[in-house]
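*Asks:* Numbering (UniProt numbering), first residue to last: 1 to 72.
Okay, here's the structure, questions in a sec.
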């Protein structure tokens with residue numbers, strides 16, 4: 001997922017990365033408890049968010065979510 005540096009994020013701190021990781025971990029656990037498995041493509045998308053490559057708006061408005069479903 002190549003993209004230009006996001007200018008919306010002024011400073012990406014360790015605390016922000018930890019907050020994003022906790023949110024992704026919570027979502028992953030919730031989906032797993034519901035019986036879903038996250039696809040590798042969605043895992044890469046989540047990692048890009050955790051690493052600050054995507055804003056929250058970019059993360060949740062991913063165009064290809066319908067093409068990349070979690071697998072039950």
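Idealized CB from N, CA, C, for every residue including glycine.
Computed from a prediction, not measured in an experiment: that's the story for all the values here.
Using alpha carbons as the reference points, say which of 54, 27, 60, 61 lies closest to residue 16.
*Replies:* On the chain shown, position 16 is the one that residue 16 refers to. Ranking 54, 27, 60, 61 by Cα distance to residue 16 puts 54 first.
*Asks:* Under three-state DSSP, which class holds residue 37?
*Replies:* Counted from its first residue, the chain shown places residue 37 at position 37. Here residue 37 sits in strand by DSSP.
*Asks:* Quick check on DSSP: helix, strand or coil for residue 53?
*Replies:* On the chain shown, residue 53 is found 53 positions in, with the first residue counted as 1. Three-state DSSP puts residue 53 in coil, outside helix and strand.
*Asks:* Since residue 24 contacts residue 46 with CB under 8 Å, what's their CB separation in whole angstroms?
*Replies:* By 1-based counting over the chain shown, the position of residue 24 is 24. By 1-based counting over the chain shown, the position of residue 46 is 46. With a Cβ gap of about 5 Å, residue 24 and residue 46 count as contacting.
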